[in-house]
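Asker: First the structure, then my questions, so here it is.
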């Protein structure tokens, strides 16, 4: 997850005081909550093969362990922030921490796939309460501009580091203990946050006519869940079966109702007029393509490392560290180059480099080594992602009216989660179909044929990811010109925008 810290309005008038009594401890507790949410977006990836064998799960079940969390988190993210504004940010933040901790316990003790998937959805709902309210507490508590910028920078750094830490920690816990501990690790973190709750100040919006767009939140999340369900099960159910067509039709109906609710609501979850801002609309569209491609990299690379190369979970976690370093290198290079060449040029180049990395992964051998097979693609892709995320983040969260800064950041996070979930569903379906075609006619006991079929599916998924990244590069370059991004760059130069 990538967080963009945008200087917002002065929180005076929302119950904020001159500043928290113990700002360091307050920031620690808020960042611990942020870490808990981000950690669970990636920590399960390395543990997926262990879950598969321990609970007898299918590949479709596994993708829902990832997608259940991402979709519910993305669908309710902006509602969580709105509820915090109206009913108290501290209250919603602590409810989210309690729910996240409890759901982690349920997942740790899960003995079948259904319980685990439901628990992951509950974690996603809790994360949708924690993330926006935590950011709001920072904005309303740290009233000094310098302190607030540093606090938001710390929040963003935790978010970036948590993703890489999750891959490593998932491997360590799965190897040293069991996959159950990738969830139990959240329990002590949640307890520490709750013990420090008295240091968290409360605040809420002072609107004369507050309202909540519950209809918009429910229809958006329900529509996306049904859409991913249809895409992920279409291959096994049959693309023209009643179940597939029924889920797809219901998804389209709910999404249409979401648009109607957004138009008629006094306080919509998403104010549709914000998409008239060209840079934001294009950046969010590109982000959708970007995340739909890269989620497959973590998912299928983890399966390749453990199922094909027979890596232990901890060794697989360590194998992802070069990718995390590559992202940081790309992001570090991007920041000064964006000012010199502009965000469109850098973003397009980053997406193109990422696509080349995906194409390298699409050439994985059935029997290969890590250094010669997987690593070149991972490094190339990760550097491209680092280059692309900085300009995409800048354009998706800047150049908007000050009162829409929170909405722009919420949209950015939501598109990330939804794009990843839909992309993983589509690419998993393609991988499953390709593997089935390769196995057609092979002996059931032919282990080599089974591995070859599985890797053929992985290659198809990586090829689909390359297409998504290339499409993003084309859209970025074709729909944005210097005149579109010039106001954004001017605003960024004058304000405290800090892409993390």
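In the numbering used here, the protein residues as written are 1416 to 1915.
The beta-carbon is built from N, C-alpha and C at its ideal position, and this holds for glycine as well.
Because the structure is a prediction, the values reported are computed rather than measured.
1) Considering only the beta carbon of each residue, do residue 1507 and residue 1499 sit closer than 7 Å?
2) By alpha-carbon positions, which one of 1875, 1505, 1800 and 1797 ends up nearest to residue 1615?
3) On the CB-based measure, 16 or more other CB atoms within 10 Å of its CB, does residue 1832 come out buried or exposed?
4) DSSP three-state label for residue 1804, please.
5) On the three-state DSSP scale, how would you describe residue 1685?
6) Residue 1420: buried (16+ other C-beta within 10 angstroms of its C-beta) or exposed?
7) Evaluate residue 1792 with the Cβ neighbour count: other Cβ atoms within 10 Å of its Cβ, from every protein chain shown; 16 or more gives buried, anything less gives exposed.
8) At 4 residues or longer, what runs of the alpha helix (DSSP H) sit wholly inside the segment 1667 to 1729?
9) Taking all protein chains shown into account, decide if residue 1756 is buried (16 or more other Cβ within 10 angstroms of its Cβ) or exposed.
10) Counting pairs of beta carbons, one from the segment 1771 to 1787 and one from the segment 1874 to 1893, are three or more of them closer than 8 Å?
11) How would you write the range of the alpha helix (DSSP H) that residue 1524 sits in, first residue to last?
12) For the structure I just gave you, are there three or more beta carbon pairs, one from the segment 1511 to 1518 and one from the segment 1583 to 1593, closer than 8 Å?
13) Which residues in the same chain as residue 1892 place their Cβ atom closer than 6 Å to its Cβ, once the five residues preceding and following it in sequence are excluded?
14) For residue 1594, which of helix, strand or coil comes out of DSSP?
15) For residue 1652, which three-state DSSP category applies?
16) Rounded to whole angstroms, what's the CA-CA distance from residue 1482 to residue 1839? Just pull it up for me.
17) Under DSSP, the alpha helix (DSSP H) around residue 1756 begins and ends at which residues?
18) In whole angstroms, what separates the C-alpha of residue 1418 from that of residue 1529?
19) Should residue 1873 be counted as a contact of the ligand FAD given a C-beta to heavy atom distance under 6 Å?
20) How many Å lie between residue 1705 and residue 1766 at the Cα?
21) Pull up the CB-CB distance for residue 1810 and residue 1695, whole angstroms please, since I reckon it's below 8 Å.
22) Apart from the five residues just before and just after residue 1744, which ones in its own chain have a Cβ nearer than 7 Å to its Cβ?
23) Excluding the 5 residues preceding and the 5 following residue 1830 in the sequence, name in chain order all residues of the same chain whose CB lies nearer than 6 Å to its CB.
24) Give the straight-line distance between the Cα atoms of residue 1641 and residue 1490, rounded to the nearest whole angstrom.
25) Would you check if the distance between the CB atom of residue 1452 and the CB atom of residue 1543 is smaller than 7 Å?
26) With a 10 Å radius around its C-beta and 16 neighbouring C-beta atoms as the bar for buried, classify residue 1522 as buried or exposed.
27) Can you name, in chain order, every residue of its own chain whose Cβ lies under 7 Å from the Cβ of residue 1710, other than the five neighbours on each side?
28) In three-state terms, what does DSSP make of residue 1777?
29) So, under 8 Å CB-CB, residue 1540 and residue 1828 are touching, yes? Tell me the CB distance rounded to an integer number of Å.
30) Comparing alpha-carbon positions, which option in 1533, 1876 and 1812 lies nearest residue 1692?
31) Is the beta carbon of residue 1752 closer than 7 Å to that of residue 1759?
32) With DSSP as the reference, label residue 1477 as helix, strand or coil.
33) Between which residues of its own chain and residue 1652 is the CB-CB distance below 8 Å, once the five residues before and five after are set aside?
34) Leaving out five residues on either side along the sequence, give the residues of the same chain with a beta carbon under 6 Å from the beta carbon of residue 1586.
Answerer: Judging by the given coordinates:
1) In the chain shown, counting from the first residue as 1, residue 1507 sits at position 92. In the chain shown, counting from the first residue as 1, residue 1499 sits at position 84. Yes. Within cutoff.
2) Looking up residue 1615 in the chain shown gives position 200. Checking every option, the nearest Cα to that of residue 1615 belongs to 1505.
3) Taking the chain shown and counting its residues from 1, the one referred to as residue 1832 is at position 417. Buried, because 16 or more other Cβ atoms sit within 10 Å of the Cβ of residue 1832.
4) Taking the first residue of the chain shown as 1, we reach residue 1804 at position 389. DSSP places residue 1804 in helix when its eight states are reduced to three.
5) Stepping through the chain shown from its first residue, residue 1685 is reached at position 270. Correct three-state label for residue 1685: coil.
6) Counting from 1 along the chain shown, the entry for residue 1420 is found at position 5. Bear in mind that a pLDDT of 38 at residue 1420, under 50, signals an unreliable position, so the model cannot answer this.
7) Position 377 of the chain shown, counting from 1, holds the residue named residue 1792. Buried, since its Cβ has 16 or more Cβ neighbours within 10 Å.
8) 1693 to 1718
9) As a position in the chain shown, residue 1756 is number 341, starting the count at 1. Residue 1756 comes out exposed.
10) yes
11) The sequence position of residue 1524 within the chain shown is 109, counting from 1. Per DSSP, residue 1524 belongs to no alpha helix (DSSP H) and is neither H nor E.
12) no
13) On the chain shown, position 477 is the one that residue 1892 refers to. Counting only Cβ-Cβ distances below 6 Å, and skipping sequence neighbours, we find 1763.
14) Counting from 1 along the chain shown, the entry for residue 1594 is found at position 179. The answer is coil: DSSP assigns residue 1594 none of H, G, I, E or B.
15) Numbered from its first residue, the chain shown carries residue 1652 at position 237. Of the three classes helix, strand and coil, the one that applies to residue 1652 here is helix, per DSSP.
16) Working through the chain shown from its first residue, we reach residue 1482 at position 67. Working through the chain shown from its first residue, we reach residue 1839 at position 424. Looking at the two C-alpha atoms, the distance is approximately 8 Å.
17) Here residue 1756 refers to the residue found at position 341 of the chain shown. Counting along the chain, the alpha helix (DSSP H) containing residue 1756 begins and ends at 1736 to 1756.
18) On the chain shown, position 3 is the one that residue 1418 refers to. On the chain shown, position 114 is the one that residue 1529 refers to. Because the pLDDT at residue 1418 is just 39, under 50, the model does not fix this residue reliably, and the value given afterwards should be weighed accordingly. So the two alpha carbons sit approximately 31 Å from each other.
19) Ligands in the displayed structure: none, and consequently the ligand FAD is not present.
20) As a position in the chain shown, residue 1705 is number 290, starting the count at 1. As a position in the chain shown, residue 1766 is number 351, starting the count at 1. Near 8 Å, if we compare the C-alpha coordinates of residue 1766 and residue 1705.
21) For this step, residue 1810 is matched to residue 395 along the chain shown. For this step, residue 1695 is matched to residue 280 along the chain shown. With 8 Å as the limit, residue 1810 and residue 1695 qualify as a contact, their Cβ atoms being about 7 Å apart.
22) As a working mapping, residue 1744 is identified with position 329 in the chain shown. Counting only Cβ-Cβ distances below 7 Å, and skipping sequence neighbours, we find 1798 and 1801.
23) Taking the first residue of the chain shown as 1, we reach residue 1830 at position 415. Counting only Cβ-Cβ distances below 6 Å, and skipping sequence neighbours, we find 1699, 1702 and 1703.
24) In the chain shown, residue 1641 corresponds to position 226, counting from 1. In the chain shown, residue 1490 corresponds to position 75, counting from 1. So the two alpha carbons sit approximately 12 Å from each other.
25) Looking up residue 1452 in the chain shown gives position 37. Looking up residue 1543 in the chain shown gives position 128. No.
26) Here the question's residue 1522 lines up with position 107 in the chain shown. Answer is buried; the Cβ neighbour count reaches 16.
27) As a working note, residue 1710 is residue 295 in the chain shown. Excluding positions up to five away in sequence, the list reads 1835, 1838 and 1839.
28) Within the chain shown, numbered from 1, the residue matching residue 1777 stands at position 362. Coil.
29) Start at 1 with the first residue of the chain shown, and residue 1540 comes out as number 125. Start at 1 with the first residue of the chain shown, and residue 1828 comes out as number 413. About 15 Å; that fails the 8 Å criterion.
30) The residue labelled residue 1692 in the question sits at position 277 within the chain shown. If we check each option's Cα against that of residue 1692, 1812 comes out closest.
31) Residue numbering aside, residue 1759 sits at position 344 when the chain shown is read from its first letter. Residue numbering aside, residue 1752 sits at position 337 when the chain shown is read from its first letter. The answer is no: Cβ separation not under 7 Å.
32) By 1-based counting over the chain shown, the position of residue 1477 is 62. Correct three-state label for residue 1477: helix.
33) Locating residue 1652 in the chain shown gives position 237, where the first residue counts as 1. 1658 and 1659, listed in sequence order.
34) In the chain shown, the residue the question calls residue 1586 occupies position 171. Contacts found: 1461, 1728, 1729, 1731 and 1732.
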